[in-house]
Structure formats: C-alpha cells, structure tokens
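Scroll down for the structure; my scribbles are underneath it.
Numbering (the numbering used here), first residue to last: 133 to 250.
Below, the structure is given as structure tokens:
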C-alpha cells in the first residue's frame with residue numbers, strides 16, 4: 133500500500149521543512165501533457181541543522197501525480213497498478229536543477245516502460 137513518503141522520513145528522525153510540487157518539463161511527451169508533477173521535499177536532520185533534499189511521485193501506466201489524494205481517487209474509478217518513486221538525496225538541491233530534471237525524466241521513462249510490459 134502506498135502512503136505519503138513524508139511519514140517514512142519523519143519515522144527516521146528527519147523533519148519536514150518544505151514540501152511543494154515541482155513541474156518537470158518533458159519535451160518528448162506524446163500525450164500532449166509536457167509536465168510531470170513531482171513532490172520536492174526539504175528535510176532537516178534534527179539537531180545537526182543540516183538539510184537534505186528528496187523527491188517522489190506516484191506513477192501508473194496512464195497517470196503521474198505527486199499528490200497522494202489524487203493517486204487514491206484515480207484508483208477508485210478504475211483499479212490500476214501504481215509505483216511510488218521516492219529518492220532521498222544525500223545533499224541539498226534546488227528543485228529546478230537541470231541534472232535532477234534529467235534524472236526525473238529518465239526514471240519516469242523507465243517506470244513507464246516497466247509498467248507497460250507487465
């Protein structure tokens with residue numbers, strides 16, 4: 133079962149500093165929607181006053197969302213397989229980092245191919 137990944141981060145002692153939607157531009161999108169929503173999260177490490185970055189999204193064969201509620205509602209009308217993609221970086225990054233956007237697009241493509249082949 134999927135859940136909001138922020139809960140796991142908190143269980144491991146990380147504090148949620150910021151959580152926001154970041155739209156990744158996909159110039160090769162075939163479905164007419166060139167934006168992929170991912171959740172970009174800033175996490176604190178308690179007393180160490182260090183910050184880490186994380187990103188996640190939920191992906192099915194037909195949908196991608198960074199919102200847990202949207203993922204649940206989409207599954208009510210028609211059951212489909214979903215994948216939770218979650219990345220915890222060991223450093224601080226900005227949401228619009230071009231290298232991260234390339235990583236998101238590559239992962240999104242691999243997950244889409246994997247779901248499509250099942």
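By construction, the Cβ of each residue, glycine as well, lies at the ideal position given by its N, Cα and C atoms.
All figures in this text were calculated on a predicted structure; none of them were measured in a lab.
message = Looking only at its chain, what residues have a beta carbon closer than 7 Å to the beta carbon of residue 224, apart from the 5 residues adjacent to it on each side?
response = Result list for residue 224: 183, 184 and 185, in chain order.
inquiry  = Tell me the rounded alpha-carbon separation between residue 242 and residue 233.
reply    = Each residue's Cα considered, the two are about 14 Å apart.
ask   = Looking at the structure shown, is residue 224 part of a helix, part of a strand, or coil, going by DSSP?
value = Residue state, collapsed to three classes: coil.
inquiry  = Taking a contact to mean a Cβ-Cβ separation below 9 Å, would you say residue 187 touches residue 170 in this structure?
reply    = A Cβ-Cβ contact shorter than 9 Å links residue 187 with residue 170.
task = Please classify residue 154: is it buried, with 16 or more other beta-carbons within 10 angstroms of its beta-carbon, or exposed?
result = Residue 154 is buried by the Cβ-count criterion.
Spatial neighbours of residue 220 in its chain, beta-carbon cut-off 7 Å, leaving aside the 5 residues before and after = Within the same chain, residue 220 has close Cβ partners 184 and 186.
request  = Go to residue 150, then tell me how far its beta strand (DSSP E) extends in each direction, as first and last residue.
outcome  = Run containing residue 150: 147 to 157, per the beta strand (DSSP E) assignment.
ask   = From the beta carbon of residue 215, is the nearest beta carbon of chain C less than 9 Å away?
value = Going by chain labels, chain C is absent from the structure shown, which holds only one protein chain.
inquiry  = Closest to residue 240 by C-alpha separation, out of 149, 197 and 174, would be which residue?
reply    = Distances from the alpha-carbon of residue 240 to those of 149, 197 and 174 put 197 closest.
task = Report yes if the C-beta distance between residue 190 and residue 217 is below 9 Å; otherwise report no.
result = For residue 190 and residue 217, yes; Cβs fall inside 9 Å.
task = Locate the alpha helix (DSSP H) running through residue 191, then write down its first and last residues.
result = Careful: residue 191 lies outside any alpha helix (DSSP H), inside the beta strand (DSSP E) at 183 to 192.
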